[in-house]
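Q: Just so we're aligned, residue 125 is where the sequence shown starts under this note's numbering, counting upward by one.
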Amino acid sequence: MSSSANLQVNPMRSLVLFLITALVAPAQQAPLPGALPAPKAAVQQPGTPAQPAPGPSATSQPPAGAGAEARMNFAVHDASAPWVGSGAWMRRVFAPGDTRVTIQPPVRLKDYVVDGKLVLSLKNYLDLVLANNTDIAIQRLSIEVPKNAIQRAFAIFDPLLTSNFNATRSNQPAINQLQGAQVVSQLNQPLNTRFQQLLPTSTTVFTQLNWSKLSTNDQFALFNPAYTTTWQLGFTQPLWRGRGAYITKIPITIARVQRRQQEFSVRDSVLRLLVTAEQAYWDVISARENLKVNMEALKLAEAALERTNREIELGATSELERFQPEQNAATARINVTRTEFQLRQFEDALRRQIGADLDPDVRDLPIVLTEDVTRPPDPEQYDREKLVRIALDNRPDLKAQRTALDVNDLQIQNALNSIKPVLNLNGSYQTFGRGGPGFSRLSGTPVFVPGGPIDAWTMMFGFNYNTYQFGLQLQLPLRDRSAAANLADAVVNKKLAALRERSLEQQIRQEVLNAITNVESSREGVRLAQIAVDYAQKRVEADQKRYDLGVINIFFLLSAQNDLANAQSNLVNQTVNYKRNLLILQQRLGTLLEDRGIVLD
């Protein structure tokens with residue numbers, strides 16, 4: 125081969141090597157430097173607090189509301205799926221898949237069984253709730269759907285291999301003398317294989333290999349059978365719509381942001397479920413303490429009735445004095461019975477929260493709750509504005525709403541891209557080869573020349589018979605109403621999201637202020653209820669002495685005892701109500717998990 129031929133072949137080989145590298149390496153390609161547009165100045169959304177500038181210690185996960193561009197820099201091989209031919213792929217395709225769903229039974233319940241009783245502190249109870257509560261398990265599992273959406277979004281970078289083979293036998297009568305036979309019989313066997321992949325740079329590259337074998341009874345055929353091979357390499361690069369890594373990765377980025385949004389939503393749902401579970405704990409304690417108060421009141425009522433009966437037997441008082449003590453004792457028994465059944469209902473609700481109703485060995489065990497309710501409330505004075513700021517920084521529902529703005533930004537970018545005309549640059553290179561056994565007629569007498577398919581491959585890889593193609597494709601809609609409407613919808617959705625964020629911030633402020641007021645009110649209620657109990661106790665002691673001296677009759681003593689029972693019951697209710705209001709405040713601030721020492725996986 126001459127030197128000029130070498131000059132033609134070397135650039136061609138360089139192009140071939142470049143395209144082969146692009147086809148083989150995209151799965152390991154890192155983000156290209158400078159592929160992202162320059163960061164824009166952050167636009168303050170209505171109702172959105174200013175975000176602090178990221179420092180050197182910023183984590184790889186951008187904070188909510190940090191903007192969509194901060195989430196664009198990632199490699200395209202994050203998602204995992206088995207490659208064709210791997211062991212995992214073979215098992216998935218050919219082995220029967222196990223689609224059975226297994227639900228784990230409740231765990232660790234028997235760890236808290238002491239002397240035939242289920243003994244639970246508040247911390248142990250919440251641990252069991254997180255481990256066994258079915259509603260929390262549902263929320264945790266829901267995060268898998270947006271995870272799968274991320275992998276689905278990566279599918280645009282999945283390489284595609286297509287191949288087809290045909291065998292066609294034909295017999296046709298000749299229609300001219302140059303066909304070389306009266307009846308032309310042909311067997312055509314083409315094989316086509318094409319590999320195509322989208323690169324992170326928005327370039328679509330492909331390679332295609334065509335091989336065919338043609339057998340015929342045409343006596344003028346140069347090769348029989350004739351083997352032909354062509355190898356084509358090409359690309360399509362968007363120059364306007366869909367150009368660049370930023371636009372190409374938008375579906376993946378949206379899926380990532382939506383997963384982050386779902387994580388915040390799940391965290392908010394878990395917070396609410398924990399509030400419900402802890403309220404069930406305090407319901408049991410409230411019913412238990414009220415039962416103690418009612419049983420003590422019943423003892424006093426029965427003692428007063430017994431004393432009245434003794435006085436009637438001794439003739440110290442009239443028979444008519446019996447009815448009031450009898451009524452008080454009956455009322456006390458009713459209160460005890462009602463509280464017992466109420467306590468049973470609350471215990472059943474608590475068992476469901478920890479999954480004890482699913483374990484036949486534990487579901488009927490008595491429950492002992494060890495949390496102390498006699499400790500006086502914390503006299504701390506709350507800084508309302510400080511707590512509002514804490515809530516605005518920590519509430520997961522607000523973080524989810526702020527993350528929705530990132531999704532809206534990406535959707536607007538996608539809509540802006542869709543209104544651009546389509547202008548694509550495409551190019552391809554093709555090399556050709558042929559071969560096979562045949563006859564040489566240059567000397568007049570046909571001379572058989574041996575050959576085979578290797579001749580076609582050798583000629584093709586010699587790169588001597590080449591075809592080059594470059595072109596531009598322009599698609600210019602004269603009027604695109606659909607794209608304009610999609611862009612308008614994206615802008616409206618962003619404004620709606622911003623208004624919803626502001627509305628949620630207002631709601632959070634109101635909820636925090638109301639929760640603080642309720643805590644302060646219930647704290648004052650506990651203090652006043654304790655004073656009322658002290659005075660009611662002193663009144664009972666005083667009326668007991670006056671009754672023993674005969675200064676007052678039994679009616680006044682019974683009235684004092686009833687007032688003491690009511691005061692004690694009110695103290696229990698006020699104390700438990702304070703615990704509940706404090707719980708609600710922690711939930712409104714978004715700090716409940718940290719305050720309870722809970723870490724979600």
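Where is the CB? At the ideal position from N, CA and C, for every residue including glycine.
Taking 6 Å as the limit between beta carbons, can you name the residues of its chain near Lys662, skipping five residues before and five after?
A: Closer than 6 Å at Cβ, skipping near neighbours: no residue.
Q: Tell me whether Gln469 is buried or exposed, calling it buried when 16 or more other Cβ atoms sit within 10 Å of its Cβ.
A: exposed
Q: Please report the distance separating the alpha-carbon of Leu285 from that of Thr331.
A: 10 Å
Q: List in chain order: all unbroken alpha helix (DSSP H) runs of 4+ residues lying wholly within the segment 230 to 304.
A: 246 to 256, 258 to 266 and 268 to 277
Q: Check whether the segment 470 to 480 and the segment 704 to 724 are in contact - that is, three or more C-beta pairs closer than 8 Å.
A: no
Q: Assign Val643 to one of two classes, buried (16 or more other C-beta atoms within 10 Å of its C-beta) or exposed (fewer than that).
A: buried
Q: Judging by CA-CA distance, which residue of Ser294, Leu333, Pro283 and Ile543 is the nearest neighbour of Leu322?
A: Pro283
Q: Quick one: measure Cβ to Cβ for Arg490 and Lys241, integer angstroms, because I've assumed they're closer than 8 Å.
A: In the sequence on display, residue 490 carries Pro and not Arg. That belief holds up - the Cβ atoms of Pro490 and Lys241 are roughly 5 Å apart, short of 8 Å.
Q: Using 10 angstroms around the beta-carbon of Ala580, count the other beta-carbons present and answer buried if the total reaches 16, otherwise exposed.
A: Classified as buried, Ala580 has 16 or more neighbouring CB atoms from the shown chains inside 10 Å of its CB.
Q: Need the endpoints of the alpha helix (DSSP H) that Arg216 sits in, please.
A: Where Arg216 is concerned, the enclosing alpha helix (DSSP H) stretches over Gly211 to Phe218.
Q: Starting from Trp581, follow the alpha helix (DSSP H) in both directions and report where the run begins and ends.
A: Pro577 to Met584
Q: Per DSSP, what are the beta-bridge partners of Val616 in this structure?
A: BP columns for Val616 are empty, so no partner.
Q: Mind reading off the beta-carbon distance from Lys618 to Asn532? Whole number of angstroms is fine, and I expect it under 8 Å.
A: Correct: roughly 4 Å between the Cβ atoms.
Q: For Ser627, does the three-state DSSP call read helix, strand or coil?
A: helix
Q: So, Tyr370 versus Pro577, is the Cβ gap smaller than 8 Å?
A: no
Q: Could you tell me the alpha carbon to alpha carbon distance between Phe692 and Ile227, rounded to whole angstroms?
A: The sequence given here has Gln at residue 692, not Phe. So the two alpha carbons sit approximately 45 Å from each other.
Q: In chain order, what residues of the same chain lie with their CB nearer than 7 Å to the CB of Ala182, ignoring the 5 residues before and after it?
A: Any reading at Ala182 is ruled out, since the residue's pLDDT is 36, under 50, leaving its predicted position unreliable.
Q: Compare the C-alpha of Leu429 against each of Glu420, Pro449 and Glu665 and name the closest.
A: Pro449
Q: Output yes if chain C places a C-beta closer than 8 Å to the C-beta of Asn295; else output no.
A: Reference to chain C is not applicable here, since this structure consists of a single protein chain.
Q: Go ahead and pull the three-state DSSP assignment for Phe344.
A: coil
Q: Considering only the alpha carbon of each residue, which of Asp667, Arg396 and Gln654 lies closest to Leu254?
A: Arg396
Q: Can you grab the Cα-Cα spacing for the pair Gln585 / Gln554, in whole Å?
A: The question names Gln, yet the displayed sequence has Phe at residue 585. It is roughly 11 Å from the alpha-carbon of Phe585 to the alpha-carbon of Gln554.
Q: Determine the DSSP secondary structure at Val573, reduced to helix, strand or coil.
A: strand
Q: Per DSSP, what kind of secondary structure is Tyr405 in: helix, strand or coil?
A: helix
Q: Please list the terminal residues of the continuous alpha helix (DSSP H) segment that includes Ser693.
A: Ile678 to Leu713
Q: Indicate the three-state DSSP secondary structure (helix, strand or coil) for Ala194 in the structure shown.
A: Confidence in Ala194 is poor, its pLDDT being 45 and thus under 50, which makes the residue's placement too unreliable to answer from.
Q: Since Leu516 and Glu629 should fall inside the 8 Å C-beta cutoff, what is the C-beta to C-beta distance between them, to a whole number of angstroms?
A: Going by Cβ atoms, the distance from Leu516 to Glu629 rounds to 6 Å, so yes, they are a contact pair.
Q: Starting from the Cα of Ser336, find the closest Cα among Gly557, Phe679 and Asn705 and give me that residue.
A: Gly557
Q: Quick one: what does DSSP say Thr494 is sitting in, helix, strand or coil?
A: coil
Q: Suppose you measure from the CA of Asn697 to the CA of Ile409; what does that come to, to the nearest Å?
A: Straight-line Cα distance between these residues: approximately 10 Å.
Q: Going straight from the alpha carbon of Leu422 to that of Leu673, what length do you get?
A: 24 Å
Q: Hey, Pro230 and Asn248 are a contact pair by Cβ (cut 8 Å); roughly how many whole angstroms apart?
A: 14 Å between Cβ atoms; not a contact.
Q: Label Pro601 either buried or exposed according to how many other C-beta atoms from any shown protein chain fall within 10 Å of its C-beta, with 16 as the threshold for buried.
A: Label assigned to Pro601: exposed.
Q: Once DSSP output is grouped into helix, strand and coil, what is the label at Tyr659?
A: helix
Q: Per DSSP, which one or two residues make a beta bridge with Leu357?
A: Answer is Thr331 and Tyr553, bridged to Leu357.
Q: Are Asn701 and Ser627 touching if we call contact CB-CB under 8 Å?
A: no
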